[in-house]
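> Oh and the sequence shown: position 41 is 41 in UniProt numbering, straight run, nothing missing.
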Amino acid sequence: MGENLAGHGHSDQPSPGELGPGDRGAVCWPLADAGPAFVRLQLCPVVKAAFEDMRVDFLNLVRVSISLNSNHLEFDLLSSAIFSNAVHLILGAKLLNSEGKVTKWFNVSLVSLRMPTLYNVPFSLTMRKDVVKAAVAALLPPEEFMVLLESVLPDLDHLLKSSIKVISEKAADQLGPKQTVKILIQGTLDLLLDQNIARVAQEIVLLIFTTSEAKRPLLTLGIVSSSV
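See below:
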């Protein structure tokens, strides 16, 4: 029997990439010995099916909106690509107000900020500069504050009087115990990117009043506050 089978070129063992009659779909052939046919016909369909199963759930995950006070950010998939061993998803973003109306679209931007990877998770996020600025602006809208310096910030009150006295003693003498400072936050926070280092800057206007009842400021100062 053995000679007869050998003479006709038959064998009881399957070749690489083939399944025996009793395998019922089980792959038992060592993967190291698998040929291109096995990878193309058996392995690739399994990998493709796995990606298709997780694709919908994953896309739903990246589209989850982010609440920003009464506003929120929503994302849409623009395109996807594979570079080296990473999958890149390019998302478009839109900012919506409390009524659900789109107030700003973000689809194209040349400058971006790469967020740090947390807990060694093999996943990274790159946010566009205009998206980050819009998010900060929604969280920190322009506001104004009125501060009674002597009772709230006595050290600053003393420093301010000393500084003004150097400029004008007459102006310093007008500053009484009820002097107030109105702090105006102008515009939106500016995000500065330089060699993967992010800094923020904010324009602030200080209006110094001699008393809390005064209508016109004694002095107006414009400053730019920035992070190191």
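Beta carbons: idealized from backbone N, C-alpha and C, even for Gly. Predicted model, so just to flag it, every value in this text is computed and none were measured.
Going by alpha carbons, who is nearest to Ala-138 out of Met-127, Gln-179, Thr-188 and Lys-48?
Nearest of Met-127, Gln-179, Thr-188 and Lys-48 to Ala-138, Cα basis: Thr-188.
> When you compare each of Leu-184, Phe-106 and Met-146 to Val-224 by their alpha carbons, which one comes out closest?
Nearest of Leu-184, Phe-106 and Met-146 to Val-224, Cα basis: Leu-184.
> Please classify Arg-199 as buried or exposed, where buried requires at least 16 neighbouring CB atoms within 10 angstroms.
Exposed: under 16 other Cβ atoms inside 10 Å.
> Flag this pair as yes or no: are the beta carbons of Leu-206 and Val-181 separated by less than 8 Å?
It is a contact, given that the beta carbons lie within the stated cut-off.
> Run through the DSSP bridge pairs and tell me what Gln-202 is partnered with.
Ser-225.
> Ordered along the chain, which non-local residues of its own chain (more than five positions away) have a Cβ less than 6 Å from that of Ala-93?
Cβ within range, chain order: Leu-73, Phe-75, Phe-106 and Val-131.
> Could you tell me which whole beta strand (DSSP E) segments of length 3 or greater appear in the segment 138-200?
Those beta strand (DSSP E) runs which fall completely within the segment 138-200 and span 3+ residues are 144-148 and 180-194.
> Going by beta-carbon coordinates alone, are residue 231 and Asn-71 separated by less than 8 Å?
The structure shown does not extend to residue 231, since the chain spans only 1 to 228, so no value can be given for it.
> Please identify the residue among Glu-203, Met-146, Glu-52 and Asp-155 whose C-alpha is closest to the C-alpha of Ser-212.
For the residues Glu-203, Met-146, Glu-52 and Asp-155, the minimum Cα distance to Ser-212 belongs to Met-146.
> Starting from Val-64, trace the beta strand (DSSP E) both ways and give me its first and last residue.
Per DSSP, Val-64 belongs to no beta strand (DSSP E) and is neither H nor E.
> Anyone know if the C-beta pair for Leu-218 and Ile-208 falls short of 8 Å?
It is a contact, given that the beta carbons lie within the stated cut-off.
> Report all residues from its chain with a CB closer than 7 Å to the CB of Leu-89; omit the five preceding and five following residues, and keep chain order.
Contacts found: Val-62, Leu-77 and Ser-80.
> Which residues share a DSSP beta bridge with Thr-220?
In DSSP, Thr-220 forms a bridge with Leu-207.
> Among Phe-83, Lys-178, Val-166 and Asn-69, whose alpha-carbon lies nearest the alpha-carbon of Ala-134?
Closest by alpha carbon: Asn-69.
> Please report how far the alpha carbon of Val-46 lies from the alpha carbon of Leu-91, in whole angstroms.
Those two C-alpha atoms are separated by around 28 Å.
> Go ahead and label Ile-164 buried or exposed: buried means 16 or more other beta carbons lie within 10 angstroms of its beta carbon, across all protein chains shown.
Looking at its Cβ environment, which holds 16 or more other Cβ atoms inside 10 Å, Ile-164 is buried.
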